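Peer 1:
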Amino acid sequence: MSTETIEQQFAEQPAAKQPPVTNKLVIFAWSGELDKIWPTLILATTGAALGKETTVFFTFWGLFPLVKNQVRITGENWMQKMLSVMNRGGDDHLKLSKMNFVGAGPAMMKHLADEHKVASPHELLEMAKELGVHLIPCQMTMDLLGLKREDLIDGLEEPAGATKALAEAEGAITLFI
Amino acid sequence: MSTETIEQQFAEQPAAKQPPVTNKLVIFAWSGELDKIWPTLILATTGAALGKETTVFFTFWGLFPLVKNQVRITGENWMQKMLSVMNRGGDDHLKLSKMNFVGAGPAMMKHLADEHKVASPHELLEMAKELGVHLIPCQMTMDLLGLKREDLIDGLEEPAGATKALAEAEGAITLFI
Amino acid sequence: MSTETIEQQFAEQPAAKQPPVTNKLVIFAWSGELDKIWPTLILATTGAALGKETTVFFTFWGLFPLVKNQVRITGENWMQKMLSVMNRGGDDHLKLSKMNFVGAGPAMMKHLADEHKVASPHELLEMAKELGVHLIPCQMTMDLLGLKREDLIDGLEEPAGATKALAEAEGAITLFI
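Chains as they are written, first to last, in my numbering: chain A, 1 to 177; chain B, 1001 to 1177; chain C, 2001 to 2177.
(1) In terms of alpha-carbon separation, which member of C:ILE2027, C:LYS2036, C:THR2045 lies closest to C:MET2127?
(2) Helix, strand or coil, according to DSSP, for A:THR163 in the structure here?
(3) Name, going along the chain, the residues of the region 2146-2176 of chain C whose beta-carbon falls closer than 7 Å to a beta-carbon of chain B.
(4) Which of helix, strand or coil does DSSP assign to C:GLU2123?
(5) Does B:GLY1047 get closer than 8 Å to chain C when you measure Cβ to Cβ?
(6) I need the straight-line Cα distance from A:GLN13 to C:GLU2033, nearest angstrom please.
(7) Which one or two residues does DSSP pair with C:GLU2157 in a beta bridge?
(8) What does A:THR59 touch in chain C if you count any residue whose Cβ is under 7 Å from its own?
(9) Could you tell me the distance, in whole angstroms, from the CA atom of A:ILE153 to the CA atom of A:ILE42?
(10) Going by C-alpha distance, which of A:PHE58, A:ALA162, A:LEU124 is nearest A:ILE136?
(11) Establish whether the CB of C:PHE2028 and some CB of chain B are separated by less than 8 Å.
(12) Where does C:THR2022 fall in DSSP's three states?
(13) Roughly how many angstroms lie between the CA atoms of B:GLU1168 and C:ASN2069, to the nearest whole one?
(14) Can you find the residues in the same chain that come closer than 8 Å, C-beta to C-beta, to A:THR22, ignoring five residues on each side of it along the sequence?
(15) With C:PRO2065 as the anchor, note down where its beta strand (DSSP E) starts and where it stops.
(16) Would B:VAL1056 pass as an interface residue toward chain A - the criterion being a Cβ-Cβ separation below 8 Å?
(17) Using a beta-carbon distance below 8 Å, is A:LYS81 in contact with chain C?
(18) What does the alpha-carbon distance come out to for the pair C:LEU2050 and A:THR163?
(19) Determine the closest residue to C:ASP2035 out of C:ALA2119, C:ALA2165, C:LEU2156, C:ASP2143, with distance taken between C-alpha atoms.
(20) Check whether chain A comes within 8 Å of C:VAL2067, counting only Cβ atoms and requiring the distance to be less than that.
(21) Nearest chain B C-beta to A:THR25 closer than 8 Å, yes or no?
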């Protein structure tokens, strides 16, 4: 649903300005850490499995898990290069927000999850694609980090901005993770 | 509301596929730190006091405040045991996400709150129960951490998963904290 | 919309207890760090530009960016004074949640943003006011920190509590950031 459509709808239907509740789930995935990628993708795949039209808008740190493992963020200037050292893309080395100081944290949690049959972020991303979850990278974040479309994994939708994300969010279950 | 009910509703009422806005508040409580437990429980008790059907779904780190103070998370293997050392259950020693590095942070904030008559997490949990807030522990997190129902405080509802949480969230005010 | 209005509405219209979806966006701004202030204000200004009635409820750490730059939080007791050292108000020295340990993080990101024409938090706050975003400071947080109305920047609405924020959130797109 584009912004124009919404505005036109309001212009043309003055008696029914309230948009309806939709059977949608829209997640603003701002965090790039393993323990937040998990709930993002578990909720997204569960929502899609329940028949909800589900969108995940990956923004800021949340974009990093979508960067190809072999790609390092390479910017035009020293600042983007510094960022690229601090935040390597890809989902093989996601940090765990709380326990990273001990180093063992992420490996430990992944191992725990494996034993208990909880899917990995990589598996969950694949499952999300198969279930038709709309995976949208944030254009502004891509610009900030000097990322091009081909630096991101396959199966994503066109990059978009906050306007698109908010249009989708109307009447939906909305979560900022 | 079970998933089946929703799907049946859609199957039986093709002309009204949009679920209505409900007078509900559903909080996904992912964080276990004191400064996030506070808004979770203040918003939940306020919502319930306003007459909203209020549900808090405690998942991941958010489950820790529901673990009995005398219980330490004891797993079957070394990894769960490591986790148990790093995250002692119960609400007596919750950390404050930003200021914990100085150690004095949580005690200081609790003291500040006491002087200003802000309820403690323990009091807020009791108040939430009295107001009929649905307090639901996440089954998957319990499995991950090797926790049993009797390791958690009393007054909680049956453990459930993301399906139940998303079903409740439909048409509700939804917050991921 | 006041709480009383909602309750009256329910009392007077027993046949239509479900509130409608509103064309609103309500953000609970809990975080005071630069990388969370950005999405808060980018989403708020975008929402307002799209014609949504947009409210940002600044609570807990989220209140700090609203404190005048020249004001340091000065409490009646040693605890509030300690807090005031740890969290200087104003938006000139907001931390970046992940990269602050290197010190260069916030300056680097601001510089990156400048080059890419992303507005600063200060500019975004001004833009939000011009677009009619309702900027509401949390009364309880102000009390906790010993802040008075005149310690906060101009252009804010009356301080309020969780009751007001939840009343606004009904039927809105809701995000806890």
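Glycine included, each C-beta is placed from N, C-alpha and C at the ideal position.
None of these values were measured; they are calculated from a predicted model.
Peer 2: If we stick to the structure as given:
(1) That would be C:THR2045, whose Cα lies nearest to the Cα of C:MET2127.
(2) In the three-state reduction of the DSSP assignment, A:THR163 falls in the helix class, which pools H, G and I.
(3) Only those residues of the region 2146-2176 of chain C whose C-beta falls short of 7 Å from the nearest C-beta of chain B are listed: ALA2162, THR2163, LEU2166, ALA2169, GLU2170, GLY2171, THR2174, PHE2176.
(4) Here C:GLU2123 carries a helix assignment [DSSP, helix/strand/coil].
(5) Yes, contact with chain C.
(6) Bear in mind that the predicted position of A:GLN13 carries a pLDDT of just 39, short of 50, making it unreliable; the figure below should be weighed with that in mind. Going by the C-alpha atoms only, they are around 41 Å apart.
(7) Answer is none; C:GLU2157 lacks a bridge partner.
(8) PRO2039, listed in chain order.
(9) Each residue's alpha carbon lies about 19 Å from the other.
(10) The shortest C-alpha separation from A:ILE136 is found at A:PHE58.
(11) So, interface residue.
(12) DSSP, read as helix, strand or coil, puts C:THR2022 in coil.
(13) The alpha-carbon atoms of B:GLU1168 and C:ASN2069 are separated by roughly 43 Å.
(14) Excluding the 5 residues flanking it on each side, A:THR22 has same chain C-beta neighbours closer than 8 Å at GLU53, GLU170, GLY171, ALA172, in chain order.
(15) Run containing C:PRO2065: none; DSSP gives neither H nor E here.
(16) Not closer than 8 Å to any Cβ of chain A, the Cβ of B:VAL1056 fails to qualify, so no.
(17) Residue placement at A:LYS81 cannot be trusted, given a pLDDT of 48 that sits under 50; the coordinates are not used to answer.
(18) Approximately 8 Å, taken between the alpha carbons.
(19) Taking only the C-alpha atoms, the option nearest C:ASP2035 is C:ALA2119.
(20) At a cut-off of 8 Å between beta carbons, C:VAL2067 makes no contact with chain A.
(21) Before going further, note that residue 25 of chain A is Leu rather than Thr in the sequence given. With a threshold of 8 Å between beta carbons, A:LEU25 makes contact with chain B.
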